Amino acid sequence: MNTKLKALLAILLIVGFLLIPIPGDADCGDWLEGYTYRKLIPITGQVGAGTDYQVPLTVHSGSKWTSPTSFDDPDSAWNTETLIYDGNTTTSGYTFTHDHYLELILDSAIDTDTVRIYGQIVDLTPPGAYYDIEVDIDLFYGADWHNIFSGTIAKNTWVEKTNPAGIKSVTKARIKSNNASYITRIYEFEFFEASKVGLWDYCTDFPNDIRFTDDGGETELDHWCEDLTADPAKFWIEVADDLDSNQDIYIYFGKSRASTASNGVNTFLLFDDFDDETFDAAKWARSDVSVVESGGYIELQTGANRWLKSQDDMLASIAVEGKAYSHDTTYYASAQIEAGCTGNPAHVSYSNLYCMPIHASNGRERLYDNGVLRTERTGLGLHNEEWLSFSLKVNGTTIKGWYISESNEISGTLGSSNPSDPFGFFCYGSLGGIYTRYDDIRVRKYIDPEPSVGTPGALEFRNISHGYIMG
């Protein structure tokens, strides 16, 4: 075969290779190209949720192992306890005794069935030696302690222990050394968050390269990320399938140079982050021009009885959520959130609505129904001139609300069901020197109980490069 013919055949062979499609995943839409990984996310449905329900999902860029944030050493038997959750397996908390518990506390409850521990015991008798640990591990849930392990832990390695009772809402753990003659050192202790998603550092630009689909793995679902700089990040996904029963969705990630697809307008019934510096009269009605959008928020400025409300009627069962900021030189500022506004938002003492005043400057939250105080919580501390998250939820004759943290939630019973009227915000301006601000306002469907996220599936690697083999 001469040289020219060899060259021609080589070219034809290369062209032939270029026209061979890569197998697998070729039926996915082009928008999925480049997303290297995915996980299945099961969602437990609830009757009444229906279609297009907004479901929250917390996503970690790394693993789902979470450290305690504080401790309780009731017998003062342990030392340097904070080193047990400093993220460093070369520093430790320790005890010279045995049979004394150390409690390791989370800042809020998590769903978990597994913990892991890293430690050893030390014999100080020359020449010294290191051994496995005899230890008890208990978890606190259901208002009581429950033992999940009693026995030997291998030294100087991570050891996982699982609760035989399964996933529980846990607020803390406790450990007790059963080694009487040696120093017990615990280097790290962590909880595994079963209902949260860990991406094991496979994102290329967390959380921008994250997308969600339905259970078919192709139809993209709208979502909104509360804070694109946070890790973990909290997403809200509009699940299109009927959540009256259990459903699955997928999270896709791992694409280079992907830009965020976070979009609150497409995800919620109503959304406004007030970032365009222009008051949107299609969404909102206001008391007067003293309700101003600027600086990335909307402000109800100083003056008598400023208010803001939605132009459109909402569903009868809704959650109104966002952030509020209060300023008051007399320390009685209140950001008031209202549902069922048959008229304009008004003072709680005579309002024909359901509302939650956030008394940020004297640490109080209240729930009202047609001017009647249904329930309240006090002692939340002074928060004048701070941005605070809030939630007001109405379903049938039940009203719930919180600010600062969901752990502060209070609930009450309404005299009648919430009408499908607009919702709004109010500022007590008559006292003078008061103004309130709002941001990231969103309205979503709400039923009680809500659909919940189950344990995510395993990491799946995807061969999704479209095009042709290059040789």
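Residue numbers for the sequence shown follow the numbering used here, so the first one is 76 and each next one is one higher.
Glycine included, each C-beta is placed from N, C-alpha and C at the ideal position.
It should be emphasised that the depicted structure is a prediction, and the values quoted were computed from it without experimental measurement.
For this session: Would you list the one or two residues that DSSP bridges to methionine 431?
Result: The residue labelled residue 431 in the question sits at position 356 within the sequence shown. Its beta-bridge partners are Ile412.
For this session: Answer with buried or exposed for glutamate 535, where buried requires no fewer than 16 other C-beta atoms within 10 angstroms of its C-beta.
Result: If you number the sequence shown from 1, residue 535 lands on position 460. Glutamate 535 comes out exposed.
For this session: From the DSSP output, in three-state form, read off glycine 217 for me.
Result: Along the sequence shown, read from residue 1 onward, the residue named residue 217 stands at position 142. Glycine 217 falls in the coil class under three-state DSSP.
Exercise. If we ignore side chains and look at the alpha-carbon of each, how far apart do alanine 356 and tryptophan 382 end up?
Worked result: Here residue 356 refers to the residue found at position 281 of the sequence shown. Here residue 382 refers to the residue found at position 307 of the sequence shown. About 14 Å.
Exercise. Are there 16 or more other CB atoms within 10 angstroms of the CB of proline 531, so buried, or fewer, so exposed?
Worked result: Stepping through the sequence shown from its first residue, residue 531 is reached at position 456. Buried is the call here.
Exercise. Expressed to the nearest angstrom, what Euclidean distance is found between the alpha-carbon atoms of isoleucine 544 and glutamate 108?
Worked result: Here residue 544 refers to the residue found at position 469 when the sequence shown is read from its first residue. Here residue 108 refers to the residue found at position 33 when the sequence shown is read from its first residue. Only weak support is given to the placement of isoleucine 544: the predicted model assigns it a pLDDT of 26, under 50, and the question is left unresolved by the model.
Problem set entry | Local conformation of tryptophan 275 per DSSP, three classes | As a working note, residue 275 is residue 200 in the sequence shown. The answer is coil: DSSP assigns tryptophan 275 none of H, G, I, E or B.
For this session: Name the residue from Glu295, Ala218, Val245 and Gly137 whose alpha carbon lies nearest to the alpha carbon of proline 282.
Result: Residue numbering aside, residue 282 sits at position 207 when the sequence shown is read from its first letter. Of the listed residues, the one whose Cα sits closest to proline 282 is Gly137.
Problem set entry | Rounded separation between proline 524 and valine 245 - CA only | As a first step, residue 524 is located in the sequence shown; it is residue number 449 there, counting from the start. As a first step, residue 245 is located in the sequence shown; it is residue number 170 there, counting from the start. Approximately 19 Å, taken between the alpha carbons.
Problem set entry | glycine 194 - DSSP class collapsed to helix/strand/coil | Translated into the one-based positions of the sequence shown, residue 194 becomes position 119. In this structure, glycine 194 counts as strand in the three-state DSSP scheme.
Exercise. Do the segment 460-475 and the segment 393-402 make contact, defined as three or more Cβ pairs closer than 8 Å?
Worked result: yes
For this session: Classify isoleucine 159 as helix, strand or coil using the three-state DSSP reduction.
Result: For the purposes of this step, residue 159 is taken as residue 84 along the sequence shown, with counting starting at 1. Isoleucine 159: helix per DSSP, three-state reduction.
Problem set entry | For proline 131: DSSP bridge partner residues | Counting from one through the sequence shown, the residue named residue 131 turns up at place 56. BP columns for proline 131 point to Trp311.
For this session: State the Cα-Cα distance for the pair leucine 489 and valine 469, rounded to the nearest angstrom.
Result: On the sequence shown, residue 489 is found 414 positions in, with the first residue counted as 1. On the sequence shown, residue 469 is found 394 positions in, with the first residue counted as 1. If I take the Cα positions, the gap works out to 9 Å.
Problem set entry | For valine 364, the three-state DSSP class (helix, strand or coil) | The sequence position of residue 364 within the sequence shown is 289, counting from 1. Valine 364 falls in the coil class under three-state DSSP.
Problem set entry | Short Cβ contact (8 Å threshold) for glutamine 129 with tryptophan 311 | Numbered from its first residue, the sequence shown carries residue 129 at position 54. Numbered from its first residue, the sequence shown carries residue 311 at position 236. For glutamine 129 and tryptophan 311, yes; Cβs fall inside 8 Å.
For this session: Assign leucine 87 to one of two classes, buried (16 or more other C-beta atoms within 10 Å of its C-beta) or exposed (fewer than that).
Result: Within the sequence shown, residue 87 is the residue found at index 12, counting from 1. Caution is warranted here: a pLDDT of 37 is assigned to leucine 87, below 50, making its placement in the model unreliable, and the coordinate value is therefore given only provisionally. So leucine 87 counts as exposed.
Exercise. Can you tell me whether DSSP reads tryptophan 233 as helix, strand or coil?
Worked result: Against the sequence shown, residue 233 aligns to sequence position 158. In the structure shown, tryptophan 233 adopts coil according to DSSP, grouped into three states.
Exercise. Hey, would you say isoleucine 635 sits closer than 8 Å to phenylalanine 224, going by beta carbons?
Worked result: Beyond the ends of the chain as shown, which are 76 and 546, falls residue 635; an answer cannot be given.
Problem set entry | Neighbourhood of glycine 438 by C-beta, 8 Å cutoff - its chain only, sequence neighbours within 5 removed | If you number the sequence shown from 1, residue 438 lands on position 363. So the list reads Thr453, Gly454, Leu455, Gly456, Leu457 and His458, once near-sequence residues are dropped.
For this session: Classify isoleucine 97 as buried or exposed, calling it buried when 16 or more other Cβ atoms lie within 10 Å of its own Cβ.
Result: Mapped onto the sequence shown, residue 97 falls at position 22. Residue placement at isoleucine 97 is flagged as unreliable, the pLDDT there being 32, under the threshold of 50; the coordinate-derived value follows with that caveat. Residue environment analysis places isoleucine 97 among the exposed positions, since fewer than 16 neighbouring C-beta atoms fall within 10 angstroms of its C-beta.
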